[in-house]
Amino acid sequence: MSTHHNSVIAGDFNLDGKIDLVSAGAKSSSVYFFPGNGDGTFAACTATTVGTTFLPVAGQGSHPVSMTTGDFNRDGKPDLATANNFGISVTVLLNQGNGTFVTQDYPFFGHVFDMLFVGAAKVDSDDSLDLFVCHESSLFVMSGSLSGTFTKTSSISLSSQARVAVAGHFDHDPTPRTDFLVSTDDGNVNLVRGDSESAPCTSGCTPFVVGSEGASGASLAPGPTAGLKIAKPSGLKDGDVLYAFLTKTDDVGQIVTPAGWTQLDQLITTAGDDFTTGLWRRVVTSASTEQATERFTHTDTTAEKMTGYIVAVRGANPVTPEDAPVAHLSGLDNLGPTNPSVTTVSPNALVLWHEGVTGKAMSELIARFGTLLQATEATDSNSGVEVFRQTTPGATPTVDWLNFGGSSSADFHTLTVAVRPL
314 MSTHHNSVIA GDFNLDGKID LVSAGAKSSS VYFFPGNGDG TFAACTATTV GTTFLPVAGQ
374 GSHPVSMTTG DFNRDGKPDL ATANNFGISV TVLLNQGNGT FVTQDYPFFG HVFDMLFVGA
434 AKVDSDDSLD LFVCHESSLF VMSGSLSGTF TKTSSISLSS QARVAVAGHF DHDPTPRTDF
494 LVSTDDGNVN LVRGDSESAP CTSGCTPFVV GSEGASGASL APGPTAGLKI AKPSGLKDGD
554 VLYAFLTKTD DVGQIVTPAG WTQLDQLITT AGDDFTTGLW RRVVTSASTE QATERFTHTD
614 TTAEKMTGYI VAVRGANPVT PEDAPVAHLS GLDNLGPTNP SVTTVSPNAL VLWHEGVTGK
674 AMSELIARFG TLLQATEATD SNSGVEVFRQ TTPGATPTVD WLNFGGSSSA DFHTLTVAVR
734 PL
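Dropping the structure here:
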């Protein structure tokens, strides 16, 4: 078997009372199961394919480089999860008790070769195991369920590429909560303090993204029951700040601000650009009564293509959420659109970058730097948002976006907003 093995786990996976081995083939698309014979030897391995559902480049392997184990669906059998480096995904392998596994692939957005670690721990307040993932310069948490399925619920931006993470109760605060120590490429070990359900952070907090939901549609009519309906991220708390990024493929009319939302910026251009985009904010004051979806419509007299998403930020100042004025930029026929820079005042401000592209049949939008949280597409429109934590006050770097799958150039709009910490 000619492949590299970056991760190996021992356990009784076929429930015969003997210790087995499972390894991840870091230059393949497989996890290998070696049944133990009970005398220190092992039988021939069998392979399970992982991470090939959403491969960004056809014909390439998924390259699982990290693996963890736990009873994810609480059926008494040890399950597995892999972080697939080239596949940009996490695969959950539910154990059938006989050395075979049923797989579930969870895709991430961003760069290949930057999905480096997966671990398992109880992070939230339920009784299911959760997953934590090092991907690009962020630590992601995937909330587990009793069925063994997972949902990405939070993203904590770090100072550099995240390599390895360990879960535990490191700060010895009186309220039980899971913290993380994360090793990053800049030589630092970062302490990420967990948020307790009973005693949430109220000051000195670093804002982080707790959820992102996107939607898109073509030929969306105007009016209160039409337009684009977007689900809000689940698990919202009082004080969470919601940001909605919307694009519309026309320059006639405008996107309507729903009740309870504040419009921070909206760009309506000339016919040459044929594009409208905007940013809206809402502070959650009563999570128990917050509606699950929000509908954005437009004032055009004809149906329009729309795309957008809602990002939830926790740990932001709900009274004065923005740390710097919203910046925007637009242009025509550009191969690599660039985000505008903002100058932050507060340490640990969270910067959200948005890119919208239209008119050139774009099939994919990838940020060259940072962590892409959400990407949606509506026929010839494409949008993405990435997050960056500003660790010291000052100007944020500009970020280039690269367009694939369509013309070599595109019309674009970008928005940049910095979120003030508590």
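Plus 313 on top of the position in the sequence shown (first one is 1) and you've got our numbering. Using N, Cα and C, we set each Cβ at its ideal position, and we do this for glycine too. Since the model is a prediction, treat every value here as computed from it, not as a measurement.
Would you kindly report the start and end of the unbroken beta strand (DSSP E) that includes residue i?
i: S525; result: F521 to L533
i: F347; result: S343 to F347
i: P369; result: Where P369 is concerned, there is no enclosing beta strand (DSSP E), given that its DSSP letter is neither H nor E.
i: V431; result: M428 to A434
i: C447; result: D443 to H448
i: K542; result: L541 to A544
i: P710; result: Where P710 is concerned, there is no enclosing beta strand (DSSP E), given that its DSSP letter is neither H nor E.
i: S496; result: D492 to T497
i: F421; result: Premise fails: F421 is in no beta strand (DSSP E) and is neither H nor E.
i: I322; result: H318 to G324
i: L406; result: S402 to N408
i: I469; result: F463 to S470
i: G457; result: S451 to G457
i: R476; result: A475 to G481
i: F725; result: A723 to V732
i: T538; result: First-last for T538: undefined, no H or E at that position.
i: D333; result: D333 to G338
i: S379; result: P377 to G383
i: F558; result: V554 to K561
i: L393; result: D392 to N397
i: A360; result: T359 to T362
i: V505; result: V502 to V505
Taking the CB atoms as reference points, tell me whether residue i and residue j lie closer together than 8 Å.
i: L663; j: R608; result: no
i: K550; j: A629; result: no
i: L735; j: C518; result: yes
i: L429; j: A396; result: yes
i: V425; j: V454; result: no
i: L471; j: T497; result: yes
i: P535; j: D613; result: yes
i: S343; j: V321; result: no
i: T361; j: S375; result: no
i: W666; j: V698; result: yes
i: N647; j: T727; result: no
i: M619; j: K542; result: no
i: L444; j: V505; result: no
i: D333; j: G349; result: yes
i: G461; j: V405; result: yes
i: V658; j: T610; result: no
i: T709; j: P660; result: no
i: P391; j: G338; result: no
i: P520; j: V655; result: no
i: Y737; j: F347; result: Because residue 737 is not part of the residues shown, which for the chain are 314 to 735, the question remains open.
i: L393; j: V335; result: yes
i: E603; j: L533; result: no
List the whole-angstrom C-beta distance separating residue i from residue j, where the pair is believed to meet the contact cut-off of C-beta under 8 Å.
i: P638; j: V670; result: That pair is no contact at about 24 Å.
i: F558; j: L592; result: 6 Å
i: V732; j: V597; result: Actually they do not touch by this definition, with Cβ atoms about 14 Å apart.
i: S303; j: T684; result: Outside the displayed range of the chain (314 to 735) lies residue 303, so it cannot be described from this structure.
i: T590; j: Q567; result: No, T590 and Q567 are not in contact; Cβ-Cβ is about 11 Å, not under 8 Å.
i: G432; j: T381; result: 5 Å
i: Y556; j: V730; result: 7 Å
i: V624; j: V522; result: 6 Å
i: G621; j: S696; result: 7 Å
i: A480; j: V495; result: Not a contact, Cβ separation roughly 10 Å.
i: K545; j: T606; result: 6 Å
i: R594; j: L577; result: 6 Å
i: F725; j: E668; result: 7 Å
i: D427; j: E449; result: 5 Å
i: G373; j: G527; result: According to the sequence shown, residue 373 is Gln rather than Gly. Their Cβ separation, rounded to whole angstroms, is 26 Å, which puts Q373 and G527 out of contact at 8 Å.
Could you check if residue i belongs to the surroundings of the ligand FMN, using beta carbon to heavy atom distance under 7 Å?
i: G457; result: With respect to the ligand FMN, the structure offers nothing, as it holds no ligand at all.
Check whether the Cβ of residue i lies closer than 8 Å to any Cβ atom in chain C.
i: F347; result: Absence of chain C from the displayed structure is noted, only one protein chain being present.
Quiz prompt | Cβ contact (3+ pairs, closer than 8 Å) linking the segment 398-406 and the segment 361-370 | solution = yes
Quiz item: So does the segment 383-391 actually touch the segment 412-423, counting three or more Cβ pairs closer than 8 Å?
Solution: no
Practice problem: Kindly provide the ranges of any alpha helix (DSSP H) runs that are 4 or more residues long and lie completely inside the segment 568-636, ordered along the chain. | Solution: none
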